[in-house]
Structure formats: C-alpha cells, structure tokens
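Right, one structure below, let's go through it.
Residue numbers (this note's numbering): 6 to 583.
And the structure:
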C-alpha cells in the first residue's frame with residue numbers, strides 16, 4: 006500500500022469479550038496491527054519494579070534481576086542507571102561505558118527497573134534502569150535530562166515550537182519526549198500532562214521507599230486505555246467499540262485529554278460480532294498462514310524460526326501484460342508493501358531475510374528498496390533496512406518488543422513439535438514392526454496386541470492379511486492389530502499377553518451376531534459382488550453389497566477373523582431366514 010498523495014483512512018476497532026480484549030488497527034481497510042489482552046496473560050512492558058540483583062555475569066556484562074516474576078529479568082550493562090552529571094541538552098546521558106557491570110552493581114542490591122521487552126520462550130523480560138512514564142502528549146523521563154520530538158512530526162517549524170514548550174514545562178534535571186499527539190497543541194495542555202506525570206513519579210518514589218524488593222511500583226494501564234492514549238490521535242478517522250461500558254469509559258478519558266476526538270468514537274450494537282462484521286476474523290486467520298497472496302496473483306511465503314525470519318516472493322498466478330522484467334518488478338513492489346504490513350501485523354522481530362524475485366536492473370532494485378523503506382515508515386517499531394546482500398537477498402532488522410502474533414494465538418504442535426511435518430504411515434508401520442520384534446525377544450509371551458491409527462493398522466495387516474502372516478512367521482508369535490481413530494498417526498501401542506484368548510476380545514472391534522450401521526466404501530477387489538466396509542480400519546466383507554457403494558446399511562456380523570470379518574445386510578439376512 007503506497008501512501009501516495011491521498012490521505013490514509015485509519016480506524017481503530019475494539020472487541021471486548023469476557024476475559025479477552027482485542028484491538029485492530031486498519032489503514033485503508035487493511036488490517037495492519039492487532040493487540041490482544043487476556044485476563045490470565047497480562048502484558049508487563051512498561052511496568053516498573055523494585056528488583057533485587059540475583060547474580061552478575063561479568064562475561065556478558067549483564068545481570069539477572071528478581072522482579073517477582075517466574076523468570077528473572079535481564080539487565081544489560083548499558084541499561085544500568087548511572088547518576089547523570091548535570092549535563093543538559095537534547096541527548097540522554099547514558100551509562101558510563103568504561104565501567105564494568107561488577108563495578109556498577111552488586112548481588113543483593115535493590116534497584117528500580119522498567120520492562121522494555123516481554124519474556125519470550127525461555128528468556129526472561131528485558132529491563133532498563135532509565136525509566137519513562139508515558140502520558141497523552143509527553144513521555145516523562147525522570148532519570149535523564151533530555152528533550153526529544155516524535156519523528157512522525159515532520160514540520161521543522163512545529164518541531165522547534167514543541168521543543169521550546171518542552172524546555173519550559175519539563176521538570177528540572179528530568180527529560181521529556183514530545184509525542185505525535187502533541188502536534189498543534191499549546192503550552193497549557195503539555196504542562197498539564199507533564200504535571201500529571203510528575204505526580205505519578207512522586208507516588209512511585211513513595212512506594213519504592215515503602216516496599217522491599219521484589220515489588221511492582223507502577224503498572225501500565227489496560228489495553229483500551231493504552232490504545233486511546235497512544236494510538237487514537239487526530240490522524241485516526243474512527244474508533245469503533247462494541248462494549249457500552251468501555252465506550253463510556255473511553256469518552257470519559259477523552260474528556261480529560263482530547264475532547265475533540267469524542268465525535269469519532271462509535272458504539273457498535275448490531276447482533277453480528279464486530280470483528281466478523283468488518284472482516285477482521287478472516288484477516289486474523291490469514292495472518293497465521295505461511296502463504297500470503299498478493300492482489301496481483303503473486304504470493305509471499307513467511308517462515309519464522311527462532312534465529313530469523315525468511316520471506317520468499319513468487320510470481321504465482323501473475324503472468325503480467327508486458328514483459329518478464331515488468332512482471333517481476335510489479336510483483337516485487339506489491340510484495341514489499343505487503344511484507345511491511347505483515348511485519349507489523351505478525352509482530353515479527355529480529356533478523357528478516359527477503360528473497361525477492363531476481364531483478365537484473367539496478368534501477369528496479371532501487372525502486373523495490375524505496376517502496377519497502379516508504380512502507381516501514383508507518384511502523385512505530387524501529388526497522389533498519391540493510392539493503393541487498395551479495396547473494397541478492399534483502400536483509401533488515403526489526404526491534405523485538407513483544408511476542409509474535411503466532412505465539413499469542415497458537416502453541417507448538419504436540420505431535421510435530423514445530424517441524425510442521427509428521428512421520429508417514431509407512432515409516433510408522435516399519436517402526437512398529439521393529440518394536441514388535443524387540444518386544445517379542447525381550448518378553449516371554451504367546452501373543453501381542455498392536456493398536457495404531459487405522460491407516461497404519463491397514464499397512465501392518467497388508468492386503469488380505471499377507472503382511473501380518475509374514476510378521477507372525479518372522480517373530481514366531483500371534484499378532485493382533487487393532488485400528489483406533491483416536492490415536493495419532495505416529496502413535497503405536499503394543500500390549501504383551503500370555504495367551505491369545507486374553508487379547509482377542511480387545512483386538513476385535515466387532516462380535517459375531519452384532520448389527521452395525523456401516524458405509525460400503527468399495528467393491529471387493531477379487532469378488533466385486535461383495536462390498537467392503539471398515540470400522541476403525543478393520544475390514545468387514547459384506548456379502549452381496551458390491552452394488553451398494555456409498556450407501557449406509559445395517560450389517561449383521563456373521564464371522565470374525567483376526568484381519569477381517571464377514572457380514573450380511575440385515576434385510577437380506579432376514580429374508581433368507583423367512
């Protein structure tokens with residue numbers, strides 16, 4: 006999506022349900038950001054804690070800090086708070102880099118830190134000593150003396166005006182960052198915001214003196230409050246919410262910070278769920294898929310690993326209308342815009358490698374890079390594009406701030422363990438044969454019962470029981486195979502028994518005289534007059550049902566064997582008896 010000269014239409018859509026709040030941000034009707042907050046999974050980025058230094062790692066120039074969570078937080082040497090020297094200016098005073106971590110901290114020391122990155126995987130949260138308290142128009146930084154202006158405010162005259170106001174309103178020896186929402190605002194509004202944040206800081210300090218570590222000193226507000234404070238600016242065209250209670254609370258908050266935006270807030274009351282009505286549910290489903298289709302017919306494939314994210318661009322169904330170079334350029338340009346959107350939507354962080362379709366023209370490469378750079382400017386999270394590598398790949402980095410969307414909505418597959426693949430039925434069947442041979446050697450027994458998914462059980466039995474007979478000859482034991490739909494295809498269960506009679510009842514899914522509703526799946530391979538039905542992979546040969554394929558019929562079991570059973574259609578059986 007190229008911004009071009011047209012004004013972007015931006016809307017914020019809020020769905021509130023029991024135990025979960027979801028916020029979708031759309032630009033020109035396309036979902037670009039999704040925020041989710043659940044009662045049992047509260048976010049901690051922005052929270053300020055009084056922590057205790059648990060251990061110091063001189064080799065890593067870092068320390069682990071107990072802040073009262075399941076895992077200790079990680080504090081890097083450059084993020085340790087060092088008292089500033091009274092310097093004032095437009096840049097923050099950072100840690101003294103020639104100090105070692107052991108000179109700056111000691112084990113058992115109590116320090117105040119703020120979370121900047123959520124805990125991810127086995128890693129604890131990332132914390133820093135330089136604190137910040139966000140308001141509507143300003144971010145107060147009580148530990149550094151600094152004035153910063155949002156990079157989204159581009160007009161130099163406005164930037165200088167806001168910088169001068171910031172100098173007037175900021176507390177002595179503290180810093181402020183002027184947020185995008187401050188554009189066009191006067192000194193009174195910014196001063197009021199700053200005073201509110203200063204009161205907050207004073208309360209925080211009082212709590213820090215009162216409580217011992219680990220203790221939570223400041224908790225950032227809930228999702229809706231943060232969205233109104235941080236995202237709902239004059240640039241937004243509409244704010245839709247489906248909860249009357251939260252609608253009223255939003256209006257109350259806007260009364261204090263931005264009354265002019267109240268007219269953009271809409272309460273959604275239709276019976277059809279909000280996200281369903283505006284098509285966001287489908288967009289969320291797409292954001293979890295590996296392949297993303299482009300409007301032109303091409304597509305991108307996104308592979309996320311722990312180390313990096315690789316993105317492959319393909320022409321797909323797009324054949325173009327001029328020549329190959331034009332087709333490739335158009336696909337790559339559209340892909341660049343879509344990739345920038347997917348980075349935001351999926352919360353992708355770290356190293357990203359993009360394999361655009363090969364382009365011979367340096368001019369075309371520059372156009373694709375320019376489009377990518379233009380689109381990532383919309384991203385609040387810092388993105389650094391390194392350009393084309395010697396192998397023709399584009400490398401970029403995006404700051405890791407929170408968990409990827411896939412981690413929020415999905416969990417690793419308990420079967421494939423994240424590989425995305427499972428063992429084939431043939432592989433599992435061969436493995437089962439080896440396990441059977443091993444079990445027969447290790448235990449004195451007369452029979453073995455094998456339970457497996459029906460597709461695996463069918464291979465173990467083989468056509469007309471041929472494979473099962475071979476197995477029994479090789480192993481020298483009676484083997485019974487039972488198909489179980491509830492078993493995963495990779496799971497095989499083997500039970501060792503001292504007698505055949507002990508396993509027969511458990512092995513056979515049918516009994517003589519039993520009447521079952523079965524579907525005739527196919528004619529018998531060697532006797533087309535009969536039909537074949539299956540029950541959990543177990544074959545039932547239905548006499549005279551070869552012409553009933555696809556029908557559900559009542560079948561009486563007349564004879565039970567280890568690998569199959571015989572049966573007759575009930576109506577047919579009753580006619581013969583009469």
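Cβ atoms here follow ideal geometry from the backbone N, Cα and C, with glycine treated the same way.
- Going by DSSP, residue 289 is part of the alpha helix (DSSP H) stretching over 285-292.
- An exposed status is given to residue 214, since fewer than 16 other beta-carbon atoms sit within 10 Å of its beta-carbon.
- Residue 297 holds the alpha-carbon nearest to the alpha-carbon of residue 322 among 141, 297, 316, 310.
- Annotation for residue 112: 58, 59, 60, 61 place their beta carbon closer than 8 Å to its own, counting only its chain and skipping 5 residues before and after.
- In this structure, the CA atom of residue 538 is about 59 Å from the CA atom of residue 394.
- Boundaries for residue 353: no alpha helix (DSSP H) harbours it, and the DSSP string shows neither H nor E there.
- When only Cα atoms are considered, residue 131 and residue 250 end up about 34 Å apart.
- Distance from residue 497 to residue 433 at the Cβ level is roughly 6 Å; contact confirmed, criterion being Cβ atoms closer than 8 Å.
- Listed in chain order, the non-local C-beta contacts of residue 360 below 6 Å within the same chain comprise 317, 398, local neighbours out to five positions each way being set aside.
- Restricting attention to beta strand (DSSP E) runs no shorter than 3 residues, the stretch 404-471 encloses them at 452-457, ordered along the chain.
- If you draw a straight line from the Cα of residue 33 to the Cα of residue 19, it comes to about 17 Å.
- Taking a cut-off of 8 Å on C-beta distances, the stretch 220-235 does not touch the stretch 168-177, as fewer than three cross pairs fall below it.
- Between residue 451 and the set 402, 309, 503, 139, the nearest pair of CA atoms involves 503.
- Three or more beta-carbon pairs drawn from the stretch 546-565 and the stretch 519-530 are found closer than 8 Å, and the two stretches are therefore classed as touching.
- Straight through space, the alpha carbons of residue 186 and residue 266 are spaced by roughly 11 Å.
- Residue pairing from DSSP places residue 298 in a beta bridge opposite 304.
- Minimum Cα-Cα distance from residue 565 among the listed residues 368, 515, 532, 534 corresponds to 515.
- Shown here for residue 269: same chain residues with a beta carbon closer than 6 Å to its own, the five before and five after excluded, namely 243, 244 in chain order.
- In the structure shown, residue 257 adopts helical secondary structure according to DSSP, grouped into three states.
- Counting only residues of its own chain and dropping the five nearest sequence neighbours on each side, residue 206 has a CB closer than 7 Å to the CB of 138, 145, 147.
- Looking only at 382, 557, 129, 166, the smallest Cα-Cα distance to residue 77 is reached by 129.
- Secondary structure note for residue 368: its alpha helix (DSSP H) is the uninterrupted segment 367-381.
- DSSP places residue 486 outside any alpha helix (DSSP H); the residue lies instead in the beta strand (DSSP E), whose first and last residues are 483-488.
- As the crow flies, the alpha-carbon of residue 439 is around 21 Å from that of residue 567.
- Taking residue 271 as the centre and dropping the five residues before and after it, the same chain places the C-beta of 243, 244, 245, 246 closer than 8 Å to its C-beta, in chain order.
- Residue 211 is classed as exposed because its beta carbon has fewer than 16 other beta carbons within 10 Å across all chains shown.
- In the DSSP assignment, residue 570 falls within the unbroken beta strand (DSSP E) covering 569-574.
- Assigned with DSSP and collapsed to three states, residue 362 falls in coil, not helix or strand.
- Residue state for residue 280 is assigned as helix, using DSSP reduced to three classes.
- Closest in alpha carbon position to residue 551, among 540, 157, 569, 573, is 573.
- Taking a contact to require three or more Cβ pairs closer than 8 Å, the stretch 180-199 and the stretch 120-128 do not qualify as touching.
- In the three-state reduction of the DSSP assignment, residue 223 falls in the strand class, which pools E and B.
- Residue burial annotation: residue 47 is exposed, with fewer than 16 other C-beta atoms found within 10 angstroms of its C-beta.
- Here DSSP, grouped into helix, strand and coil, assigns residue 392 to strand.
- Runs of the beta strand (DSSP E) spanning 3 or more residues and lying entirely within the stretch 154-187 occur at 180-183, in chain order.
- Membership of residue 497 in the beta strand (DSSP E) is indicated by the continuous run 497-502.
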